[in-house]
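J.: So the sequence shown is numbered by the UniProt record's numbering: it starts at 1 and just counts up by one. The C-beta atom is built at its ideal place from N, Cα and C for all residues, glycine as well. Just so you know, these numbers come straight off a predicted model, no measurement behind them.
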Amino acid sequence: MSMYAFDCVVVGSGHAGSCAALSAIDSGAQRVLIVDKCPEEWVGGNGYFTAGAHRTVHEGLQDLLPIVHNVTPDMASKIDMDPYTEEDFTSDIMRVGEGKPNPALVKAVVESSRSAIAWLAERVKVPFTLSFNRQAYLVEGRQKFWGGMVLSVQNGGKGLIQAHQKAVQDAGVDQWFDTMAVELIVEDGSIAGLVVRREGKMLHLKTSAVILASGGYEASSAMRKMHLGKEWERAKVRGTPYNTGDGIALASCIGAALAGDFSNTGCHSTCWDAYAPPDRGDRVLSNQYTKSGYPLGLMLNAHGVRFVDEGADFRNFTYAKFGRAILFQPGGFAFQVWDSRVTPWLRQEEYGDDVASKIWADSVEALAEKLEPEGLENREDFIKTIHEYSDAARGFQAEHPAKKWDPAVKDGLSTQSSSISLSLPKSNWALPLAQPPFLAVKVACGITFTFGGLAIDPETAGVLSQESRKPIRGLFSAGELVGDLFYSNYPGGSGLTAGAVFGRKAGRNAAALAAH
1 MSMYAFDCVV
11 VGSGHAGSCA
21 ALSAIDSGAQ
31 RVLIVDKCPE
41 EWVGGNGYFT
51 AGAHRTVHEG
61 LQDLLPIVHN
71 VTPDMASKID
81 MDPYTEEDFT
91 SDIMRVGEGK
101 PNPALVKAVV
111 ESSRSAIAWL
121 AERVKVPFTL
131 SFNRQAYLVE
141 GRQKFWGGMV
151 LSVQNGGKGL
161 IQAHQKAVQD
171 AGVDQWFDTM
181 AVELIVEDGS
191 IAGLVVRREG
201 KMLHLKTSAV
211 ILASGGYEAS
221 SAMRKMHLGK
231 EWERAKVRGT
241 PYNTGDGIAL
251 ASCIGAALAG
261 DFSNTGCHST
271 CWDAYAPPDR
281 GDRVLSNQYT
291 KSGYPLGLML
301 NAHGVRFVDE
311 GADFRNFTYA
321 KFGRAILFQP
331 GGFAFQVWDS
341 RVTPWLRQEE
351 YGDDVASKIW
361 ADSVEALAEK
371 LEPEGLENRE
381 DFIKTIHEYS
391 DAARGFQAEH
401 PAKKWDPAVK
411 DGLSTQSSSI
421 SLSLPKSNWA
431 LPLAQPPFLA
441 VKVACGITFT
451 FGGLAIDPET
461 AGVLSQESRK
471 PIRGLFSAGE
481 LVGDLFYSNY
491 PGGSGLTAGA
501 VFGRKAGRNA
511 AALAAH
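What follows is the structure in structure tokens.
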């Protein structure tokens, strides 16, 4: 078996792995290697398929203007953006996670979020932008940001990974693709190397530090079935087909502790185009298959009934659980429906004619008829549901004429009044569906990443031993492979931030080991 020596080996070429490799170089490591079982054309893991959203603590617009590239002085004068505090960020993770996330991990992410963003902007040269198209609405001439998440990346995940690739190459990091990590080598309780399979040969990589950043198990239908339940076999894979749980298997073999949500709620999912590929993302359209315009309209299942409160909260606090809700509907799909009053507010990158199969009709009845070949099983209940909803929305407006529809705030425009209330309310943005033409888009569940993973130390990103609950010397983890941070749901944009935070910690501590 051939042997090579490195100060640090990173498993995974995505956002977290790239952060870890660069951090190791910056902290003094001389020879750093990234290995990934994917071919080079699939570099970037799931980060490539994101919209590039990063959630961070900030003090408001003036704090972020120095790092963004899409705001002129004139534009800045027309932006409304509240500060986002550590308390806000912490509360959002804990609230949507139903109080279950590990407070120490949450604290580590939140407190390091702003410095991680600055490092990405300065060191990696990530081209950050303000996310006008996803997180702001133009209301009365002003761009109003909502939901606490304001940063994106030029060209989304593609731009993020492009910046990472240039940075790691300029830093002299070696990258081996088509190279699968097979076995962690342990001597006297510490990592001593990694065995990989490359070009049909087994290679022994001698190293004192391995950083696992190979993602979750969302692309393995067998593991989804085992951990999440049999319904998850039919979920559509949003990103890379190479995230099949390898990191969990590698670490478990040497006694690493698992942590987090391995239940049937244990993943990030979203409303996804029903006609997208089933087992992998599209590297051209990538995140454009997302269909997140449901707060502006309704979602109905194959039986013609609603199944979620579309206006329960801002999109970036509900989309990760509403994808799951779609999966558990008859047939595993649903229809998003709007009228012409709100269709101009739908984002073109998600609902443009080139990325969405759209069904138009001049009446609710005609729309129902057109949806029958698409899987609608009960036309009468579909029509009844929409008319009852519209009546309820009108009833609320009649009692509260001063309330105005505003998609940039939780406007309280609901379906619940003294004259009529729905058993399943729409709590915000409830306008009657009454102005033709009407639009419907068929959606399914797209799985992004899994929440259950490895237990790590929040300060070092060291992987914990199941037996001792102490870090295994030389083994670190970052990115979607980390468990115990998200449960059931997560605030949009916090995944990439967490990847950078723990990737930087892992790289620093791996380099420190190499120095000894």
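Going by beta carbon distance, what residues of the same chain come within less than 7 Å of ALA430, once the five residues before and after it are set aside?
T.: For the purposes of this step, residue 430 is taken as residue 430 along the sequence shown, with counting starting at 1. GLY311, ALA393, PHE396, LEU413, SER414, THR415.
J.: Sort out for me which residues DSSP pairs ILE211 with in a bridge.
T.: Reading the sequence shown from its first residue, position 211 is the one you call residue 211. Answer is VAL10, PHE476, bridged to ILE211.
J.: Cutting at 8 Å between CB atoms, please list the residues of its own chain near GLY375, excluding the five before and the five after it.
T.: Mapped onto the sequence shown, residue 375 falls at position 375. Only ALA302, GLY331, PHE333, LYS442 meet the Cβ criterion.
J.: Sorted by chain position, which residues of the same chain lie with C-beta nearer than 7 Å to SER427's C-beta, five sequence neighbours on each side aside?
T.: Locating residue 427 in the sequence shown gives position 427, counting from the first residue. Cβ neighbours of SER427 beyond the five flanking positions: ASP309, GLY311, ALA312, SER414.
J.: Ignore the nearest five residues each way along the sequence and tell me which others in ALA320's own chain have a CB closer than 7 Å to its CB.
T.: Indexing the sequence shown from 1 puts residue 320 at position 320. HIS268, SER269, THR270, ASN489, TYR490.
J.: Could you check what DSSP says for TYR242 in three-state terms: helix, strand or coil?
T.: Taking the sequence shown and counting its residues from 1, one reaches residue 242 at position 242. Coil at TYR242, not helix or strand.
J.: Determine the closest residue to VAL124 out of HIS15, THR56, LYS384, LEU422, with distance taken between C-alpha atoms.
T.: Here residue 124 is taken as the residue at index 124 of the sequence shown, counted from 1. Of HIS15, THR56, LYS384, LEU422, the residue nearest in Cα terms is HIS15.
J.: Looking at the unbroken alpha helix (DSSP H) that takes in PHE132, where does it start and where does it end?
T.: The residue you call residue 132 lines up with position 132 of the sequence shown. PHE132 -> alpha helix (DSSP H) spans 132-135.
J.: Near ALA219, which residues of its chain fall below 6 Å by C-beta distance, leaving aside the five closest residues on each side in sequence?
T.: Stepping through the sequence shown from its first residue, residue 219 is reached at position 219. Counting only Cβ-Cβ distances below 6 Å, and skipping sequence neighbours, we find VAL237, PRO241, ASN243, THR244.
J.: On the CB-based measure, 16 or more other CB atoms within 10 Å of its CB, does ALA118 come out buried or exposed?
T.: Taking the sequence shown and counting its residues from 1, one reaches residue 118 at position 118. It is exposed - the Cβ of ALA118 has fewer than 16 other Cβ atoms within 10 Å.
J.: Measure the beta-carbon distance from LEU22 to VAL196 and round it to whole angstroms, keeping in mind my assumption that it falls under 8 Å.
T.: For the purposes of this step, residue 22 is taken as the residue at position 22 of the sequence shown. For the purposes of this step, residue 196 is taken as the residue at position 196 of the sequence shown. No, LEU22 and VAL196 are not in contact; Cβ-Cβ is about 21 Å, not under 8 Å.
J.: Helix, strand or coil: which one does DSSP assign to PRO103?
T.: Residue numbering aside, residue 103 sits at position 103 when the sequence shown is read from its first letter. It is helical.
J.: Roughly how far, in whole angstroms, is the beta-carbon of PHE438 from the beta-carbon of GLU480, given that I think they are within contact range, below 8 Å?
T.: The residue labelled residue 438 in the question sits at position 438 within the sequence shown. The residue labelled residue 480 in the question sits at position 480 within the sequence shown. So it is not a contact: roughly 38 Å between Cβ atoms.
J.: Which one of ALA510, VAL463, ILE447 has the shortest CA to CA distance from GLU231?
T.: For the purposes of this step, residue 231 is taken as the residue at position 231 of the sequence shown. Measuring from the Cα of GLU231, the nearest candidate turns out to be ILE447.
J.: Consult DSSP for THR90 and reduce its assignment to one of helix, strand or coil.
T.: What you label residue 90 is simply residue 90 of the sequence shown in a count that begins at 1. Helix.
J.: Using beta-carbon positions only, say whether LEU513 and ALA209 come within less than 7 Å of one another.
T.: Against the sequence shown, residue 513 aligns to sequence position 513. Against the sequence shown, residue 209 aligns to sequence position 209. For LEU513 and ALA209, yes; Cβs fall inside 7 Å.
J.: Per DSSP, what kind of secondary structure is ILE34 in: helix, strand or coil?
T.: Here residue 34 is taken as the residue at index 34 of the sequence shown, counted from 1. Three-state DSSP puts ILE34 in a strand.
J.: Measure the Cβ-Cβ separation of VAL10 and ALA181 and say whether it is below 7 Å.
T.: Taking the sequence shown and counting its residues from 1, the one referred to as residue 10 is at position 10. Taking the sequence shown and counting its residues from 1, the one referred to as residue 181 is at position 181. No, the pair does not count as a contact, with Cβ atoms beyond the cut-off.
J.: Does the distance from the C-beta atom of ILE211 to that of ALA506 stay below 7 Å?
T.: As a working mapping, residue 211 is identified with position 211 in the sequence shown. As a working mapping, residue 506 is identified with position 506 in the sequence shown. Contact: yes.
J.: How is the beta strand (DSSP E) around residue 518 delimited, first residue to last?
T.: A query on residue 518 cannot be resolved here, the shown segment of the chain reaching from 1 to 516 and no further.
J.: Could you say which of GLY474, ASP88, ALA478 lies nearest to VAL186 if we only look at CA atoms?
T.: Position 186 of the sequence shown, counted from the first residue, corresponds to residue 186. Here the closest residue by C-alpha is GLY474.
J.: Can you check the stretch 122-207 for any alpha helix (DSSP H) of at least 4 residues that lies completely inside it and give the ranges in chain order?
T.: Listed in chain order, the complete alpha helix (DSSP H) runs (minimum 4 residues) inside the stretch 122-207 are 132-135, 156-170.
J.: Measuring CA to CA, which of GLU365, ASP246, ALA325, ALA515 is closest to ALA222?
T.: By 1-based counting over the sequence shown, the position of residue 222 is 222. Closest option to ALA222, Cα to Cα, is ASP246.
J.: Once you ignore the five residues that flank ALA440 on each side, which residues in its own chain have a CB closer than 7 Å to its CB?
T.: For the purposes of this step, residue 440 is taken as the residue at position 440 of the sequence shown. Cβ neighbours of ALA440 beyond the five flanking positions: PHE335, GLN336, VAL337, ILE359, LEU367, LEU371.
J.: Could you give the distance in angstroms between the alpha-carbon of ARG508 and the alpha-carbon of ASP7?
T.: Your numbering for residue 508 matches position 508 in the sequence shown. Your numbering for residue 7 matches position 7 in the sequence shown. If you take the alpha carbons of ARG508 and ASP7, they lie about 12 Å apart.
J.: Keeping to the same chain, check which residues put their C-beta closer than 7 Å to that of residue 519; ignore five residues upstream and five downstream.
T.: Limits of the chain in this structure are 1 at one end and 516 at the other, which puts residue 519 out of reach.
J.: What are the start and end residues of each continuous alpha helix (DSSP H) run of 4 or more residues lying completely inside the stretch 15-81, in chain order?
T.: Counting whole runs of 4 or more residues, the stretch 15-81 contains the alpha helix (DSSP H) stretches 15-26, 61-64, 73-76.
J.: Which residues does DSSP pair with VAL109 in a beta bridge?
T.: Position 109 of the sequence shown holds residue 109. Beta-bridge pairing links VAL109 to no other residue.
J.: Look at the alpha carbon of LEU300 and the alpha carbon of PHE307, and state the distance between them as a whole number of angstroms.
T.: As a position in the sequence shown, residue 300 is number 300, starting the count at 1. As a position in the sequence shown, residue 307 is number 307, starting the count at 1. Between LEU300 and PHE307, the C-alpha separation is close to 7 Å.
J.: Using 10 angstroms around the beta-carbon of SER419, count the other beta-carbons present and answer buried if the total reaches 16, otherwise exposed.
T.: Taking the first residue of the sequence shown as 1, we reach residue 419 at position 419. It is exposed - the Cβ of SER419 has fewer than 16 other Cβ atoms within 10 Å.
J.: Terminal residues of the continuous beta strand (DSSP E) containing GLN336?
T.: Walking along the sequence shown from the start, residue 336 turns up at place 336. Residues 334-338.
J.: Taking the beta strand (DSSP E) that LEU371 falls in, what are its first and last residues?
T.: Along the sequence shown, read from residue 1 onward, the residue named residue 371 stands at position 371. It is not in any beta strand (DSSP E) - LEU371 instead sits in the alpha helix (DSSP H) that spans 364-371.
J.: Could you name the residues of the same chain whose beta carbon sits closer than 7 Å to that of CYS445, not counting the 5 residues immediately before and after it, in chain order?
T.: One-based indexing of the sequence shown puts residue 445 at position 445. These residues qualify, in order along the chain: ALA235, LYS236, SER269, TRP272, GLY323, ARG324, ILE326, LEU327, GLY332.
J.: For THR56, tell me which candidate among ASP92, ASP36, ASN70, TRP42 has the shortest Cα-Cα distance.
T.: Here residue 56 refers to the residue found at position 56 when the sequence shown is read from its first residue. Among ASP92, ASP36, ASN70, TRP42, the Cα nearest to that of THR56 belongs to ASP92.
J.: Report the rounded CA-to-CA distance for PRO425 versus PHE502, giving the unit in angstroms.
T.: Your numbering for residue 425 matches position 425 in the sequence shown. Your numbering for residue 502 matches position 502 in the sequence shown. Cα to Cα, the separation comes out at about 39 Å.
J.: Can you tell me whether MET202 is buried or exposed, with buried defined as 16 or more other CB within 10 angstroms of its CB?
T.: Taking the sequence shown and counting its residues from 1, one reaches residue 202 at position 202. By the 10 Å Cβ count, MET202 comes out exposed.
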